[in-house]
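Visitor:
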Amino acid sequence: MQPDFWHQRWQDNQIGFHQDQPTPLMLKHWSSLQVPTGARVFVPLAGKTRDMAWFASQGYRVLGVELSRIAVEAFFEEHGLTPAVRESRYGTHYEAGNVELVCGDAFALDAAALADCSAVFDRAALIALPPALRERYVHELHARLPSGCCGLLITLEYPQHEKDGPPFSVIEDEVRSLYARDWNVTTLERRAILEQQPKFAEEGVTALDTVVYRLQRRD
Ligand SMILES: C[S@@+](CC[C@H](N)C(=O)[O-])C[C@H]1O[C@@H](n2cnc3c(N)ncnc32)[C@H](O)[C@@H]1O
Numbered sequence: 001m002q003p004d005f006w007h008q009r010w011q012d013n014q015i016g017f018h019q020d021q022p023t024p025l026m027l028k029h030w031s032s033l034q035v036p037t038g039a040r041v042f043v044p045l046a047g048k049t050r051d052m053a054w055f056a057s058q059g060y061r062v063l064g065v066e067l068s069r070i071a072v073e074a075f076f077e078e079h080g081l082t083p084a085v086r087e088s089r090y091g092t093h094y095e096a097g098n099v100e101l102v103c104g105d106a107f108a109l110d111a112a113a114l115a116d117c118s119a120v121f122d123r124a125a126l127i128a129l130p131p132a133l134r135e136r137y138v139h140e141l142h143a144r145l146p147s148g149c150c151g152l153l154i155t156l157e158y159p160q161h162e163k164d165g166p167p168f169s170v171i172e173d174e175v176r177s178l179y180a181r182d183w184n185v186t187t188l189e190r191r192a193i194l195e196q197q198p199k200f201a202e203e204g205v206t207a208l209d210t211v212v213y214r215l216q217r218r219d
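Counted from 1, the sequence shown has number 194 at position 194 by UniProt numbering; the numbering is strictly sequential.
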């Protein structure tokens, strides 16, 4: 997807992916990662997700990156926060409390920008990207995360021929082959969710699973 696609989605408020509450499967599985309080959590392709506010409420520091200024400014406004704003080579940084959100292209973040992130949380990020960008997302962006980093990845799986992405279907074989080079991947949960996602059924999708993975970066 080109940046214009996402800018237009935010401009038109077509943000069906946004949830009013923190991601339930994240709430269920995050503690199993045993990420210590105070650690920095990287949230790529962040939108204005409430997951960032939840991480901050748990004592984590958050580094999010998001293309859309509308999304970034909405996040702080919706949480009653007035961010400090500064420019860097990565984009425009908005920072308040424990949340720093960079308005810019995730692929422009280098190892220095990600150096003190000990965890990564991906909900609707990998699956927002078409195949060629998924490869860059894992082999370039995730490759810049420090060794020892762990993470939670939440994907969707459905018969891709039944509907166009995004969100794209990213099956377990693809997740494993994308991450195999640098990460150990453990499947934590697979759940059939078509009944809770009527819009997919309306579009002709006949089966829909969500899958939660634990990621552990190897040294
Ligand atoms: C499907 S949304 C998911 C947002 C968020 N993770 C959530 O769960 O609500 C994907 C987001 O990624 C952003 N995005 C897409 N490509 C990006 C890029 N290259 N760098 C930063 N953000 C990007 C889009 O603007 C959009 O807000």
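Backbone N, C-alpha and C define an ideal beta-carbon position, used for all residues, glycine too.
#1: At a cut-off of 7 Å, is G47 close to ligand 1 when judged by its beta-carbon and the heavy atoms of the ligand?
#2: Write down the C-beta distance between L109 and G151 rounded to the nearest angstrom, noting that I regard them as a contact closer than 8 Å.
#3: Have a look at L156 and E95 and give me their C-alpha separation to the nearest angstrom.
#4: Helix, strand or coil for F168, going by three-state DSSP, please let me know.
#5: Thinking C-alpha only, which one of S68, K48, I70, R69 is nearest V62?
#6: Does Q11 come out as helix, strand or coil in the three-state DSSP assignment?
#7: In the DSSP assignment, the beta strand (DSSP E) including E87 goes from what residue to what residue?
#8: Taking 7 Å as the cut-off, is the C-beta of R123 nearer than that to any heavy atom in ligand 1?
#9: Considering only heavy atoms of ligand 1, does any lie closer than 7 Å to the CB of A96?
#10: Using 8 Å for Cβ pairs, my map puts L81 next to V120. What's the rounded Cβ distance?
#11: Using beta-carbon positions only, say whether H139 and R176 come within less than 8 Å of one another.
#12: State the DSSP-derived secondary structure class of I154, mapped to helix, strand or coil.
#13: For H79, is the beta carbon positioned less than 7 Å from some heavy atom of ligand 1?
#14: Identify the residues that DSSP records as bridge partners of L63: which are they?
#15: For H142, is the classification buried or exposed, using 16 other Cβ atoms within 10 angstroms of its Cβ as the cut-off for buried?
Guide: In brief:
#1: G47: yes, Cβ under 7 Å from ligand 1.
#2: Not confirmed; about 15 Å, so no contact.
#3: Near 31 Å, if we compare the C-alpha coordinates of E95 and L156.
#4: Judged by DSSP in its simplified three-state form, F168 adopts coil rather than helix or strand.
#5: Of the residues S68, K48, I70, R69, the one whose Cα lies closest to the Cα of V62 is K48.
#6: Secondary structure of Q11 (DSSP, three-state): helix.
#7: Judged by DSSP secondary structure, E87 falls within the beta strand (DSSP E) whose first and last residues are 84–88.
#8: Yes, the beta carbon of R123 sits closer than 7 Å to at least one heavy atom of ligand 1.
#9: Incorrect: A96 has no Cβ contact closer than 7 Å to ligand 1.
#10: V120 and L81 do not touch by the CB rule: their CB atoms are close to 23 Å apart, not below 8 Å.
#11: The Cβ atoms of H139 and R176 do not sit closer than 8 Å to each other.
#12: In the displayed model, I154 falls within a strand according to three-state DSSP.
#13: H79: no, Cβ never under 7 Å from ligand 1.
#14: According to DSSP, L63 bridges with F42, E100.
#15: Around the beta carbon of H142, a 10 Å sphere encloses 16 or more other beta carbons of the protein chains shown; the residue is thus reported as buried.
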